[in-house]
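Heads up: the sequence shown runs through residues 0 to 233, numbered per numbering that gives the first Met the number 0.
Glycine included, every Cβ here is placed at the ideal spot set by N, Cα and C.
Below is one structure, written out as structure tokens; the observations come after it.
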Amino acid sequence: MAQHIVILTGAGVSAESGLGTFRDVDGIWSKFDPMELASPEGFARNPVKVLDFYNARRRNLVDAQPNAAHFALAKLEQGLAERGGLLTLVTQNIDDLHERAGSANVLHMHGELLKARCGACSAVMNCREDLSVSDACPGCGDVGALRPHVVWFGEYPEHLDDIAVALADADMFISIGTSGTVWPAAGFVLQARETGARTVELNLEPSDDGRVFDEAHYGPASEIVPDWVETYLT
Ligand code: BJW
């Protein structure tokens with residue numbers, strides 16, 4: 000049995016919780032321009048529009064619930080720990096559904112929707128309510144500098160050093176519910192392969208990297224993730 004499993008999750012793992020994916024036919028980027036809503040330049044041009052976009056998604060997240068895939072990954076973390084192993088869960092998702100399902104060791108590489116960050120003093124704070132351009136930072140008092148604590152295009156993802164260490168140590172790498180379009184996350188499977196990890200894809204359909212994986216299972220995450228975890232732990 001593998002000792003250290005690194006898992007990368009994407010929007011597909013939360014799709015059945017009612018949170019939209021980005022690049023599927025009816026995904027978020029089919030309705031909205033990512034460069035307007037998920038770039039520092041877009042925020043500088045129209046902060047009200049960007050804050051409204053994230054305010055709506057935050058309200059949706061507060062009402063959402065983890066699904067069977069999130070719970071299965073929490074069970075896998077516990078099952079591995081009981082066997083002396085380790086699970087590092089890297090997520091591109093800004094939702095907190097892994098944590099609400101019970102996962103403890105989660106690295107949010109694209110940030111967290113339920114946090115805000117001050118563009119003036121860099122303070123990060125919990126944020127469950129709408130953000131407005133008239134809000135003052137509770138740390139430095141600057142008005143209008145608060146933004147969602149998320150990683151936009153052109154910005155440096157979070158936790159990359161910890162992720163690199165985990166990938167170098169991984170016996171197995173599992174990619175779940177991600178199209179493998181966005182870098183540097185898209186390159187993790189290759190990094191893991193280089194150090195000899197077995198690679199597994201669990202997705203609705205083959206991702207851009209589909210052929211690179213040693214093993215693949217396709218279907219809704221709420222079905223294939225619990226099935227895979229059950230098989231692995233028995
Ligand atoms: C299901 C399912 C179900 C559906 N069950 N599965 C040219 C070449 C290479 C790179 C670049 C380039 N030009 C620019 C770049 C860099 C850029 C990039 O990668 N762009 C590409 C689009 C080309 N990357 C960046 O800018 C990143 N920063 C960076 O590179 O810094 C410099 C650096 C360099 C080197 C090393 C380190 C740093 C930052 C990227 C930030 C991404 N931000 C977003 C928005 C975050 C906030 C928010 O949520 O609003 O992150 S964009 C969006 O995409 C979001 C996601 O986390 C991310 C990934 O999407 P994901 O999760 O894969 O979703 P989808 O929709 O694409 O796929 C869903 C999948 O689920 C599909 O496969 C479905 O089939 C499946 N599915 N239902 C199972 N029920």
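By alpha-carbon distance to T90, the top candidate from E193, T194 and F187 is F187. Excluding five sequence positions before and after E76, the CB atoms of its chain that fall closer than 6 Å to its own CB belong to L86 and S102, given in chain order. Contact between the region 31–49 and the region 192–206 is not established, with fewer than three Cβ pairs separated by less than 8 Å.
Take the alpha-carbon of A144 and the one of A122: they are about 11 Å apart.
Of the candidates V149, A119, Q2 and E157, the residue whose Cα lies closest to the Cα of N54 is V149. In this structure, the straight-line span from the alpha carbon of C136 to that of V47 is close to 16 Å. Judged by the Cβ position, P219 qualifies as a neighbour of the ligand BJW at the 6 Å threshold, a heavy atom of the ligand being closer than this. Taking 6 Å as the cut-off, one finds at least one heavy atom of the ligand BJW near enough to the beta carbon of V181. Judged by beta-carbon spacing, A71 lies beyond the 7 Å limit of P205, meaning their Cβ atoms are not closer than that value. By the neighbour-count definition (other C-beta atoms within 10 Å, threshold 16), P65 is a buried residue.
Considering only I4, A43 and H69, the residue with the shortest C-alpha distance to E15 is H69.
If the five residues before and after I6 are omitted, its C-beta is found closer than 6 Å to the C-beta atoms of L88 and I173, all from its own chain and listed in chain order. Its chain contains A167 as the residues whose beta carbon lies nearer than 6 Å to that of T194, once the 5 sequence neighbours on both sides are disregarded; these appear in chain order. Remark: C-beta atoms of L60 and L112 approach each other more closely than 7 Å. Nearest C-alpha to A185 among G176, D208, L232 and I175: D208. Distance from the CA of G41 to the CA of E229, rounded to the nearest whole angstrom, comes to 44 Å. Annotation: the continuous alpha helix (DSSP H) that includes P46 extends over P46 to D62. Counting only residues of its own chain and dropping the five nearest sequence neighbours on each side, D161 has a CB closer than 7 Å to the CB of L106.
Scanning its chain for C-beta atoms nearer than 7 Å, with the 5 sequence neighbours on each side dropped, one finds around R56 the residues L112, in chain order. Taking 6 Å as the cut-off, one finds no heavy atom of the ligand BJW near enough to the beta carbon of N54. Here G110 is bridged, per DSSP, to V149. Counting only residues of its own chain and dropping the five nearest sequence neighbours on each side, E157 has a CB closer than 7 Å to the CB of H107, M108, G110 and V150.
Excluding residues up to 5 positions away in sequence, T20 and F21 lie with their Cβ nearer than 6 Å to the Cβ of A10 in the same chain.
Here A119 has C136, C139, D141 and A144 as same chain residues with Cβ atoms under 7 Å from its own Cβ, once five neighbours each way along the sequence are excluded.
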